[in-house]
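**Q**
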């Protein structure tokens, strides 16, 4: 296998606050191969979006990358000067955000916004940029693009706006697309269309995708591999089929059990007791152990690292010998 | 668009009629106009004749109609105190007030908007604190006090600027201007600063808070994720969205600048309408007072109309939709 496009290693995102430093993303490592779709799943507050923002250098202060490295095609892109990371955003890494209704500037036509982005990144004239905008709008499936290009965002429906947002993310043919909950704000019927579109366009271009979502269904349909996040850490990462069919980490198992399945006759859905800990009260050891049905002694003492188990990597003491004593 | 202008014009006419009614009431009911016009030795019969000749015995509605007709044709009556047509008095004084207001508003905008933008973009810098402190002073000190302070420092102690009047003016036929002579400019500096100071702080704080709000929106975040330059994001996207409310307030404030130039004109003995109005109050010069009222109302109405039209130029969401797509 060739070198991965994106490598994130030991990423740690911190928020210094008056009451001490909050660690929102803690020792997260993953990589995405060229053309691969990596799903990143977890509850709200698990650190999924922050990981995505950290990769493109858009953490909102006071949040900051405290440790770890981010490499794009082998080059480090964390801690780059402001101007250098700006040139990567949009050009080499495209981003799609959750809410298409608010992602577009209401005062400019969609054409103006696409042309602006094209002109920022590509060395073309205004006329060529407009041609490209038209092309893109056609590609993302906006009917009558030639007419719609001069319309304002409020004249589009939610699904159509998300298509425009995708067109904007694809403007400069980025190698990686970070899609942060791209379908959460949309109707279910539109969700499938958007996911299929995203999947098709990235496959055509050979672009990699980091797909952040809390929807296991979207992951199952779209991703090649999946990373399950809990309390700022990766609990389990592996091929979608393995993780969804045979989840290893008790948290992933709990998540899968909580999904209602058609045709499965159950009286009540399983649920995981308790809630994800808040950032300032993450327990020692495995962050999941207070809620874990299979916790052992080591879980409350030592933090498990990701370790391979079959094709999957899992951070859980159940899959390896317990340490004799605490660190 | 045209329908909007017509609708607004009709509303404006209603407002102007209401104001004219108040002006008319002043004439009719603040004292007896005949008693104010004649001397002690005028006989009752002569008074009755005068009353008849002036049409004061007609029905109130007829008198009001006549009044409206007169002011519509620019006939504002004769000043009791100075015994000259009010229209002439106003024509003499109007340029001074408008020039002062215009320079003050321009000063407030040119300094206020950049200061607001700066304080929003760099919320922690020292200069931001300096600006905010100045604005606090500007908003809490009464206008006349600032004016008197300026006179003391620049007029009396330093002797740099004239303390009263307009300086040399150039007569352009219908308009006398002080903006073409050096002494005119010297004279306008302090009054314009005094008059504009409050507006400046208001605009600065408004721009700052609006801008901070806009900078938090998704479309600004998305604009950054598209890799646009800081300049394009801050000025092309954020500032333009900030301007919609700023236009409203500025428009309204322009009206109050003209109306409340009274105080500044008094402090600096500026020969404008405010001074004329104050003198009129001292002499119970009702034609002048009523005309001033009508004229200021006219300014407000015209400015509001202009603001409404400007809105539609800036914000496409207000324009009539050309085919909104659903689904």
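Protein chains in written order, with the working numbering: chain A, 130 to 456; chain B, 1220 to 1546. For every residue, glycine included, the Cβ atom is placed at its ideal position computed from N, Cα and C.
Are any of the Cβ atoms in chain A nearer than 8 angstroms to that of residue 1447 of chain B?
**A** yes
**Q** Alpha carbon to alpha carbon, how far is residue 1221 of chain B from residue 1421 of chain B? Give it in angstroms, no decimals.
**A** Distance between the alpha carbons of residue 1421 of chain B and residue 1221 of chain B: 32 angstroms.
**Q** Would you mind telling me which residues of chain B sit closer than 7 angstroms to residue 231 of chain A, beta carbon to beta carbon, in chain order?
**A** Ordered by position in chain B, the residues that pass the 7 angstroms Cβ test against residue 231 of chain A are 1436, 1437 and 1438.
**Q** Closer than 8 angstroms, CB to CB, is residue 1460 of chain B near chain A or not?
**A** Answer yes: the Cβ-Cβ gap between residue 1460 of chain B and chain A drops below 8 angstroms somewhere.
**Q** Identify the residues that DSSP records as bridge partners of residue 339 of chain A: which are they?
**A** A/167 and A/307
**Q** Is there a C-beta anywhere in chain B that falls below 8 angstroms from the one on residue 455 of chain A?
**A** Reliability of the predicted coordinates at residue 455 of chain A is poor, the pLDDT of 45 falling under 50, and no value is obtained from them.
**Q** By the 10 Å Cβ neighbour count, where 16 or more other Cβ atoms means buried, how is residue 1276 of chain B classified, buried or exposed?
**A** exposed
**Q** Kindly list, in the order they appear in chain A, the residues whose Cβ is closer than 7 angstroms to that of residue 1456 of chain B.
**A** Under the 7 angstroms cutoff, chain A gives 234.
**Q** Alpha carbon to alpha carbon, what distance is there between residue 140 of chain A and residue 198 of chain A?
**A** 6 angstroms
**Q** I think residue 1508 of chain B touches residue 1245 of chain B, with their Cβ atoms under 8 angstroms apart; what is that distance to the nearest whole Å?
**A** 6 angstroms
**Q** Can you tell me which of B/1414, B/1322 and B/1499 puts its alpha carbon nearest to the alpha carbon of residue 1301 of chain B?
**A** B/1499
**Q** Quick one: measure Cβ to Cβ for residue 244 of chain A and residue 273 of chain A, integer angstroms, because I've assumed they're closer than 8 angstroms.
**A** So it is not a contact: roughly 18 angstroms between Cβ atoms.
**Q** Would you give the residue range spanned by the beta strand (DSSP E) that residue 1574 of chain B belongs to?
**A** Given a span of 1220 to 1546 for chain B in the structure shown, any question on residue 1574 of chain B remains unanswerable.
**Q** What is the rounded straight-line gap between the Cα of residue 1530 of chain B and the Cα of residue 1463 of chain B?
**A** Distance between the alpha carbons of residue 1530 of chain B and residue 1463 of chain B: 7 angstroms.
**Q** Quick one: which chain B residues come within Cβ less than 8 angstroms of residue 185 of chain A?
**A** 1444
**Q** CB-CB under 7 angstroms to residue 1544 of chain B, same chain, minus the five flanking residues each way: which ones, in chain order?
**A** Low confidence applies here, because residue 1544 of chain B scores a pLDDT of 39, under 50, leaving its location unreliable; read the following figure in that light. If we look at residue 1544 of chain B and ignore the five residues flanking it on each side, it has no Cβ neighbours.
**Q** Could you check how far apart the C-beta atoms of residue 192 of chain A and residue 144 of chain A are, in whole angstroms? I think they sit under 8 angstroms.
**A** 5 angstroms
**Q** May I have the straight-line CA-CA distance separating residue 303 of chain A from residue 164 of chain A, to the nearest angstrom?
**A** 11 angstroms
**Q** For residue 367 of chain A versus residue 155 of chain A, is the C-beta distance shorter than 8 angstroms?
**A** no
**Q** Going by DSSP, what residues sit across from residue 370 of chain A in a beta bridge?
**A** Residue 370 of chain A is not bridged to any residue.
**Q** Three-state secondary structure (DSSP) at residue 1506 of chain B?
**A** helix
**Q** What does DSSP give as the partner residue(s) for residue 1194 of chain B in the beta ladder?
**A** There is no way to answer for residue 1194 of chain B, as the model of chain B reaches only from 1220 to 1546.
**Q** Go to residue 1167 of chain B, then tell me how far its alpha helix (DSSP H) extends in each direction, as first and last residue.
**A** Coverage of chain B is limited to positions 1220 through 1546, which leaves residue 1167 of chain B absent and any answer about it impossible.
**Q** If you draw a straight line from the C-alpha of residue 1254 of chain B to the C-alpha of residue 1236 of chain B, how long is it?
**A** 27 angstroms
**Q** Residues in the stretch 301-325 of chain A with C-beta within 7 angstroms of chain B's C-beta atoms, listed in sequence order?
**A** none
**Q** Suppose you measure from the CA of residue 374 of chain A to the CA of residue 399 of chain A; what does that come to, to the nearest Å?
**A** 17 angstroms
**Q** With 8 angstroms as the threshold, decide whether the Cβ of residue 172 of chain A is near any Cβ in chain B.
**A** no
**Q** Are there 16 or more other CB atoms within 10 angstroms of the CB of residue 173 of chain A, so buried, or fewer, so exposed?
**A** Residue 173 of chain A sits exposed, since fewer than 16 C-beta atoms from the chains shown fall within 10 Å of its C-beta.
**Q** Just to confirm, is the Cβ distance from residue 354 of chain A to residue 167 of chain A under 8 angstroms?
**A** Yes, the Cβ-Cβ distance between residue 354 of chain A and residue 167 of chain A is below 8 angstroms.
**Q** Which stretch, first to last residue, makes up the alpha helix (DSSP H) that contains residue 1432 of chain B?
**A** 1401-1434
**Q** Pick out whichever of A/386, A/296 and A/440 has its Cα sitting closest to the Cα of residue 220 of chain A.
**A** A/296
**Q** Please tell me whether residue 1534 of chain B has its Cβ less than 8 angstroms away from any Cβ of chain A.
**A** yes
**Q** Would you say residue 1451 of chain B faces chain A, with C-beta separation under 8 angstroms as the test?
**A** yes
**Q** Where does residue 1503 of chain B land, buried or exposed, given buried means 16+ other C-beta within 10 angstroms?
**A** exposed
**Q** Looking at the unbroken alpha helix (DSSP H) that takes in residue 1462 of chain B, where does it start and where does it end?
**A** 1459-1478
**Q** Indicate whether residue 1431 of chain B and residue 1465 of chain B have their beta-carbon atoms separated by less than 8 angstroms.
**A** no
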